[in-house]
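Every letter in the sequence shown is one number past the one before it in full-length UniProt numbering, and letter 105, counting from 1, is 105.
Backbone N, C-alpha and C define an ideal beta-carbon position, used for all residues, glycine too.
Working notes for the structure below.
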Amino acid sequence: MKNSLQYRLISWIAGCILAIGAIAGFFSFFGAFQQAYRFQDEQLIQVARLINSNRLALADAGVLSSPGANGDSPLIVQLLGNPQYRGNLPLPRNLANGFQTVDIAGHSWRLYVKQLNSGDRVAVGQRTEGRTQIARASGLRTLMPFGILLPVLIGLVVLAVRKTLGSVDRLTSELDARSESDLRPLDIAAAPHEIKPFLLSINRLLQRLGRAPTQSLHR
């Protein structure tokens, strides 16, 4: 089977398709993963801007700041150094402005710290576990087309190779069906260009075999 021309062509082409698909899938997944992370960072910035513009009251920040009994809230918003609200995370007061990832209460948090116009400093954050799950799901969704298209593409390659080499199979069947005395040339009009020299050699051989009895009689 490994000496089959069809097997070799299909194996090489399918291998190239899978290799290129794997590389493209990796970059697609990684790009979507990073984009999802950037989008979530932008959400933290937008929430901080809403608070700074007083579109979101600081009292509302206290409601959002509680991570809940199980610590599974997707978002926390709280003023640094403000013990006014119950359930606030123990955030250090000396957190630098901007983005940072810190370990708090046994969990990793992605925080965005901003100084408000009032002089207060607010921290907006999310658990990194939840962010990673969202980013991973976004990346996996980009792989779905590869999982569908790659098998389809390989199937088309198999059909194309078999159809292309089908003329060779027909010539083989024609030769097998002939009697020993049938030395007519093969019809190579539909044969692939690459194997026509080989088929022409077979036709020349058949011609020589057809002349052989006549030449032996003249001797």
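Expected contact under 8 Å - CB spacing of residue i and residue j to nearest Å
i: A189; j: L199; result: The Cβ separation is near 10 Å, so there is no contact.
i: I134; j: A14; result: Between A14 and I134 the Cβ distance is about 34 Å, and since that is not below 8 Å, they are no contact.
i: L95; j: L75; result: That belief does not hold up - the Cβ atoms of L95 and L75 are roughly 17 Å apart, past 8 Å.
i: L150; j: L18; result: 7 Å
Terminal residues of the alpha helix (DSSP H) in which residue i lies
i: R141; result: T128 to T164
Through-space distance from residue j to residue i, alpha-carbon basis
i: V102; j: S11; result: 50 Å
i: G98; j: P90; result: 18 Å
i: R204; j: L183; result: 10 Å
i: C16; j: V152; result: 14 Å
i: F29; j: A48; result: 29 Å
i: S216; j: S201; result: Confidence in S216 is poor, its pLDDT being 47 and thus under 50, which makes the residue's placement too unreliable to answer from.
i: G210; j: S181; result: 9 Å
i: P145; j: Q34; result: 19 Å
i: S4; j: V168; result: 12 Å
i: L175; j: I148; result: 41 Å
Residue span of the beta strand (DSSP E) that contains residue i, given as start and end
i: I104; result: G98 to I104
i: I195; result: Taken as a continuous stretch (DSSP letters only), I195 belongs to no beta strand (DSSP E), as it is neither H nor E.
i: R118; result: What sits at residue 118 in the sequence shown is Ser, not Arg. Per DSSP, S118 belongs to no beta strand (DSSP E) and is neither H nor E.
i: I76; result: I76 to L79
CB contact flag (residue i, residue j, <7 Å)
i: A32; j: S138; result: yes
i: G25; j: L116; result: no
i: L206; j: P185; result: yes
i: L165; j: Q40; result: no
i: N88; j: Q100; result: no
task = Give a yes or no on contact between the region 33-47 and the region 103-121, applying the rule of three or more CB pairs nearer than 8 Å.
result = Counting Cβ pairs under 8 Å, three or more are found: they touch.
query = Taking contact to mean at least 3 C-beta pairs separated by less than 8 Å, is the region 146-164 in contact with the region 128-135?
reply = no
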